[in-house]
Each structure stands twice: as C-alpha cells, then as structure tokens.
Amino acid sequence: MSRRTRVAAEDRVHKSPEAGRVPVVLPLLAITIGDAGTATEAGGGRLDVTLNGEPHPVPAGAGEGRSALGPLIEQVTTELGCPVRIEVREVDGSVFTEIVKPPPMPAPVLVAAEPPSAAWIPVEPGALAYGRLEVGGSGFAPDEQVAVAVVVAHQTADPDGCARLRLPAALLASRPGTVVLLGRSSGFVAVSGSRA
C-alpha cells in the first residue's frame with residue numbers, strides 16, 4: 436500500500452461518523468396500504484408497517500391511512516439519522532420505491548453563560564474631557580469587519596411585535612450610553628456597559 440493510499444485510508448477511519456454517513460445497506464421501511472375493507476376517514480386503507488422486517492408502529496397523532504405516511508417517514512428517518520429506502524405497496528399490487536434522506540438538523544446555537552462585553556477606554560489622557568472615547572471588544576474573527584451600533588434608547592414592542600421611536604436630533608449628537616460591536620462574518624456580539 437502506498438503512502439498516499441494509507442493516509443487516505445486513515446483519514447476515512449478518523450472522520451466523524453455523524454458527518455453525512457450513509458450505511459452500506461439502507462434500512463428498509465415497507466408500508467402496505469390495506470384494502471378498501473379497512474378504509475379510514477382519511478382515505479386509503481390502514482397501514483401495515485415494517486422496518487427491516489420487524490413490525491413498526493405508526494406514530495401517535497399521525498392520523499390513519501395515507502395521511503400518516505408523511506409523519507411516519509419523517510419519524511423513521513429522523514430517528515435513524517440516515518437515508519432510508521421506502522417501499523409503499525398499494526392494494527392493486529403496484530409498488531412505489533423512494534430513498535428519503537432525514538430532515539436537516541438545525542444549526543447549533545452557542546449561548547454564552549455571560550454575554551461578552553466591550554469596554555470604554557479613553558483614547559488618550561484627557562480625551563474624556565473632549566468627549567472622545569474608544570470602545571473595544573475581543574472575540575471576533577481575525578481581520579473581520581466589525582459593525583458599530585450606538586444604542587441611544589430602548590423601546591418595548593407592542594403586542595404585534597412592532598416598535599417605533601421618534602428621536603430628537605440632539606440626542607444623536609450626545610455621548611452614547613451603549614455601543615454594540617457586531618462581527619459581520621462571525622456574528623459575534625460585544626456590548627459595552629451603560630454610561631450615564
């Protein structure tokens with residue numbers, strides 16, 4: 436075995452097993468739709484379901500008949516976390532086959548125990564007397580563009596989730612109470628402390 440082949444084989448062994456893995460043999464979800472004698476109000480007959488040859492229950496609250504197909508398939512693919520071969524057998528003998536991937540997992544949301552903060556720092560000795568301040572924060576990506584937002588007021592949203600605020604022009608010219616630094620690519624946020 437050449438060095439290149441050995442390194443590639445080692446990389447396959449050490450990769451995360453959860454990263455889009457597809458089993459060598461796909462699990463088989465076989466669904467047989469019963470005849471008209473077992474029809475339900477939802478349309479179609481009752482479902483006889485097996486997963487890899489073993490009986491599998493239809494999820495509670497999924498309805499009956501064809502209306503239960505969607506929730507059933509979503510439940511199985513989500514639980515297994517891999518593509519599943521689906522075979523639906525109709526009363527007339529026709530068979531529909533499909534391979535269904537699990538729904539995408541939501542991106543993890545990282546929540547800090549304590550929000551990061553930015554700090555007010557005078558630019559130079561005596562700068563505070565001239566109204567010059569510098570605000571800084573850490574935790575941004577290297578060479579990242581950082582947006583600066585000055586918070587001049589707070590408003591509570593109405594029951595519809597809307598908030599409106601009229602501000603006097605003089606307020607915008609005064610020293611800010613809170614500054615928010617927002618990393619444009621990382622989404623990292625640092626908030627300065629309130630200043631009186």
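If you count the sequence shown from 1, position 23 lands on 458 in our numbering, and the numbers rise without skipping. By construction, the Cβ of each residue, glycine as well, lies at the ideal position given by its N, Cα and C atoms.
- The beta-bridge partner set that DSSP reports for Val-535 consists of Val-519.
- Shortest Cα-Cα distance from Asn-487 to any of Ala-465, Glu-499 and Gly-505 involves Ala-465.
- A straight line joining the alpha-carbon of Val-459 with that of Gln-590 spans about 56 Å.
- Among the bridge pairs identified by DSSP, Leu-486 is matched with Leu-464 and Glu-489.
- Looking at the DSSP output, Leu-617 sits in a beta bridge with Ala-582 and Val-624.
- Judged by their CB atoms, Ile-534 and Arg-524 are not nearer to each other than the 9 Å cut-off.
- Taking the CA atoms as reference points, Pro-492 sits about 42 Å from Gly-596.
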